[in-house]
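2 protein chains.
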Amino acid sequence: MSTGSLILVNGMESQCVPATDRGLAYGDGVFRTLLLRDGMPQHWERQYRKLAQDCAVLNLECPDAELLSIELQRFGERAPHLVAKIIVTRGSGERGYRYESGGSTNRILIAGPPPPDRERRSAEGVRVRRCRLKLAHQPALAGIKHLNRLENVVARSEWQDAQIGEGVLSDVEGWVIGGTMTNIFAVRDGALVTPALGECGVAGVTRERVLEAAQLHAVMCQVRKVSWGDLMAADELFLVNSVAGVWPVRQLEERTWPLGPISRSIQAWLDT
Amino acid sequence: MSTGSLILVNGMESQCVPATDRGLAYGDGVFRTLLLRDGMPQHWERQYRKLAQDCAVLNLECPDAELLSIELQRFGERAPHLVAKIIVTRGSGERGYRYESGGSTNRILIAGPPPPDRERRSAEGVRVRRCRLKLAHQPALAGIKHLNRLENVVARSEWQDAQIGEGVLSDVEGWVIGGTMTNIFAVRDGALVTPALGECGVAGVTRERVLEAAQLHAVMCQVRKVSWGDLMAADELFLVNSVAGVWPVRQLEERTWPLGPISRSIQAWLDT
Numbered sequence: 001m002s003t004g005s006l007i008l009v010n011g012m013e014s015q016c017v018p019a020t021d022r023g024l025a026y027g028d029g030v031f032r033t034l035l036l037r038d039g040m041p042q043h044w045e046r047q048y049r050k051l052a053q054d055c056a057v058l059n060l061e062c063p064d065a066e067l068l069s070i071e072l073q074r075f076g077e078r079a080p081h082l083v084a085k086i087i088v089t090r091g092s093g094e095r096g097y098r099y100e101s102g103g104s105t106n107r108i109l110i111a112g113p114p115p116p117d118r119e120r121r122s123a124e125g126v127r128v129r130r131c132r133l134k135l136a137h138q139p140a141l142a143g144i145k146h147l148n149r150l151e152n153v154v155a156r157s158e159w160q161d162a163q164i165g166e167g168v169l170s171d172v173e174g175w176v177i178g179g180t181m182t183n184i185f186a187v188r189d190g191a192l193v194t195p196a197l198g199e200c201g202v203a204g205v206t207r208e209r210v211l212e213a214a215q216l217h218a219v220m221c222q223v224r225k226v227s228w229g230d231l232m233a234a235d236e237l238f239l240v241n242s243v244a245g246v247w248p249v250r251q252l253e254e255r256t257w258p259l260g261p262i263s264r265s266i267q268a269w270l271d272t
Numbered sequence: 273m274s275t276g277s278l279i280l281v282n283g284m285e286s287q288c289v290p291a292t293d294r295g296l297a298y299g300d301g302v303f304r305t306l307l308l309r310d311g312m313p314q315h316w317e318r319q320y321r322k323l324a325q326d327c328a329v330l331n332l333e334c335p336d337a338e339l340l341s342i343e344l345q346r347f348g349e350r351a352p353h354l355v356a357k358i359i360v361t362r363g364s365g366e367r368g369y370r371y372e373s374g375g376s377t378n379r380i381l382i383a384g385p386p387p388p389d390r391e392r393r394s395a396e397g398v399r400v401r402r403c404r405l406k407l408a409h410q411p412a413l414a415g416i417k418h419l420n421r422l423e424n425v426v427a428r429s430e431w432q433d434a435q436i437g438e439g440v441l442s443d444v445e446g447w448v449i450g451g452t453m454t455n456i457f458a459v460r461d462g463a464l465v466t467p468a469l470g471e472c473g474v475a476g477v478t479r480e481r482v483l484e485a486a487q488l489h490a491v492m493c494q495v496r497k498v499s500w501g502d503l504m505a506a507d508e509l510f511l512v513n514s515v516a517g518v519w520p521v522r523q524l525e526e527r528t529w530p531l532g533p534i535s536r537s538i539q540a541w542l543d544t
């Protein structure tokens, strides 16, 4: 997406943002990544609700839903299937961490092609590794998708092997939190479990959709502390995010799994 | 510094950076803030060494020292006394946390006027508060001045009172780490103590200068875990950074101090 990307900065076609933007200076902002299908942002109501919630945590004014939706649809005129990223920052600022409450934000919308391996990984599953980096506990920022993502960058730099689709991260206490860019679910005896994210991690929109789909289909799902042992003892594992959808895990370190029926069901439930 | 700032992006006068810059996307970069006096970057060798060290931790290619120094001096042609900020990011990237090692970085240099209260606070000291936010432990990123500074932003948003010059932060275990934008020193019985920063915080250049000055003048200085009790029992407290210099603390919550002799000595040693 570096050159020739479709980019809208505050509604104007532009390749650049102010050098004094606080998103650059401090990571002072939030973002969303989502699919555009046939020109329409997928699960838009949910995506916007999460964006607004994350903005609220940082005391950022969230751009209007209608405005964002119209701007996203402008991308749709260029290509029917795209991945769009919405960044909301606290705008340009004087030097220093201090900000004026209620100041105007900058919104940056970037669209690019969907990742080429998306469908294949949904169909065939992925190989996954365990990351060395341990996520820090910061309850004041946990769960929100803010622009301070160096932990994810460092964790993703731990491997170069293109056969490995994702890395699983634990926190400083050793509890499993999720992938570098995905949330994780384990299946055991027909029930789901996914990590509680009160101390770190990002509580994604697709994680929320899985939790709701499970409830709707009377599949038990616990949100709790998850150990490495829970993963290793699982009948199935799968990873989710708004772009990938559901990726069954076929291998995590030495342990392997066949494609599992629950992962398939979740894929089907989320596709409808 | 928002409008009409002096800004050089990769050596070119520009007000903007690419919207796909990883500094904006993930806070994937580092920065320095320093004084230009009579057009010359102060303590440049030290500043550059720290910049290069921080880049190395993130596996970023550090721009050439000579190049940066020349660009900083271009600011000096506009005004003799300025505050300059150097941001180095991992450049523009495709979507996703992954990066190619050895990729080209973006360097963004921004200059603005020195803060108006700088001299007064050095002379008269500052009033300081205790922040509620607790800094997370992340040894992989501790000590370096990276662009993930949301904790500082959140901490700085805890107060609006312009009479309060700084807030003191503790970590998740309750140990004192420093101010939102400063390092902290306590004086007790003629000896200095400053927090160890292996788990969080930024190990600033002026902190390093104080440690060396203390050694040179045979003042004992310990780098160790510092408790709130250590601060309250101190004969003097002072805060340091490269722009502020040395600020004696006159009040921290309910406790007050007169201007102390050691703080004055440190100011004098650093001024020479």
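Top to bottom, those sequences are chains S and A. For the first sequence, the numbering used here begins at 1 and goes up steadily by one. For the second sequence, the numbering used here begins at 273 and goes up steadily by one. Think of the CB as a built atom: it goes at the ideal place given N, C-alpha and C, for glycine as much as any other residue. For clarity, every value in this text was computed on a predicted model and none was experimentally measured.
Residue i - containing beta strand (DSSP E), residue span
{"i": "A/Leu339", "result": "Where A/Leu339 is concerned, there is no enclosing beta strand (DSSP E), although the alpha helix (DSSP H) it sits in stretches over Ala337 to Gly348."}
{"i": "A/Asp443", "result": "Ile436 to Asp443"}
{"i": "S/Asn106", "result": "Asn106 to Gly112"}
{"i": "S/Cys62", "result": "Run containing S/Cys62: none; DSSP gives neither H nor E here."}
{"i": "A/Gly446", "result": "A/Gly446 -> no beta strand (DSSP E), and no H or E assigned at all."}
{"i": "A/Ala356", "result": "Leu354 to Thr361"}
{"i": "A/Ala458", "result": "Asn455 to Arg460"}
Interface flag, residue i vs chain S, CB-CB below 8 Å
{"i": "A/Asn420", "result": "yes"}
{"i": "A/Lys417", "result": "no"}
{"i": "A/Asp293", "result": "yes"}
{"i": "A/His315", "result": "no"}
{"i": "A/Gly384", "result": "yes"}
{"i": "A/Pro467", "result": "no"}
{"i": "A/Pro290", "result": "yes"}
{"i": "A/Ala458", "result": "no"}
Minimum Cβ-Cβ distance from residue i to chain A less than 8 Å
{"i": "S/Thr180", "result": "yes"}
{"i": "S/Asp28", "result": "yes"}
{"i": "S/Leu24", "result": "yes"}
{"i": "S/Ser2", "result": "Low confidence applies to S/Ser2: its pLDDT is 38, below 50, so where it sits in the model is not reliable, and the reading given next is rough at best. For S/Ser2, the answer is yes, since a Cβ of chain A falls inside 8 Å of its Cβ."}
{"i": "S/Arg107", "result": "no"}
{"i": "S/Gly102", "result": "no"}
{"i": "S/Asn152", "result": "yes"}
{"i": "S/Ile7", "result": "yes"}
{"i": "S/Gln15", "result": "yes"}
{"i": "S/Arg98", "result": "yes"}
Rounded distance between the beta-carbons of residue j and residue i, thought under 8 Å
{"i": "A/Asn420", "j": "S/Asn59", "result": "Contact flag wrong, Cβ pair sits at about 18 Å."}
{"i": "S/Val246", "j": "S/Val240", "result": "5 Å"}
{"i": "A/Pro290", "j": "A/Ser364", "result": "5 Å"}
{"i": "A/Gln314", "j": "A/Leu307", "result": "4 Å"}
{"i": "A/Gly384", "j": "A/Val425", "result": "Rounded, the Cβ-Cβ distance is 19 Å, inconsistent with contact."}
{"i": "S/Gly11", "j": "S/His146", "result": "At roughly 23 Å, the Cβ-Cβ gap does not stay under 8 Å, so S/Gly11 and S/His146 are not in contact."}
{"i": "S/Val128", "j": "S/Ile164", "result": "7 Å"}
{"i": "S/Ala187", "j": "S/Gly260", "result": "The identity of residue 187 of chain S in the sequence shown is Val, whereas the question assumes Ala. Going by Cβ atoms, the distance from S/Val187 to S/Gly260 rounds to 6 Å, so yes, they are a contact pair."}
{"i": "S/Gly167", "j": "S/Cys131", "result": "4 Å"}
{"i": "A/Pro335", "j": "A/Arg304", "result": "Not a contact, Cβ separation roughly 11 Å."}
{"i": "S/Leu231", "j": "S/Leu252", "result": "6 Å"}
{"i": "A/Leu464", "j": "A/Cys493", "result": "4 Å"}
Residue range of the unbroken alpha helix (DSSP H) whose run includes residue i
{"i": "S/Cys55", "result": "Trp44 to Val57"}
{"i": "A/Ala395", "result": "Arg390 to Glu396"}
{"i": "S/Leu150", "result": "Leu150 to Arg156"}
{"i": "S/Arg22", "result": "Arg22 to Tyr26"}
Contact with chain C by residue i, beta-carbon distance below 8 Å
{"i": "A/Arg428", "result": "Absent from the structure: chain C. Protein chains present are S and A."}
The region 497-530 of chain A: positions lying closer than 7 Å to chain S by Cβ: When C-beta distances to chain S are compared with 7 Å, every residue of the region 497-530 of chain A stays at or above that value.
At a Cβ cut of 9 Å, what residues of the region 351-368 of chain A count as close to chain S, listed as they run along the chain? The residues in question are Val355, Lys357, Ile359, Thr361, Arg362, Gly363, Ser364, Gly365, Glu366, Arg367 and Gly368.
With a floor of 4 residues, list each alpha helix (DSSP H) that falls wholly inside the region 200-270 of chain S, ordered by position along the chain. Secondary structure remark: continuous alpha helix (DSSP H) runs of at least 4 residues inside the region 200-270 of chain S, in chain order: 205-216 and 228-232.
The region 51-67 of chain S: positions lying closer than 8 Å to chain A by Cβ: Cβ contacts with chain A: Leu58 and Asn59.
Can you pull out the residues from the region 400-417 of chain A whose beta carbon lies closer than 7 Å to at least one beta carbon of chain S? Residues of the region 400-417 of chain A with a Cβ closer than 7 Å to any Cβ of chain S, in chain order: Leu405, Ala408, His409, Gln410, Ala412 and Leu413.
Contact list for the region 431-450 of chain A against chain S, Cβ threshold 8 Å: For the region 431-450 of chain A, which is checked against every Cβ of chain S, the residues closer than 8 Å are Val444.
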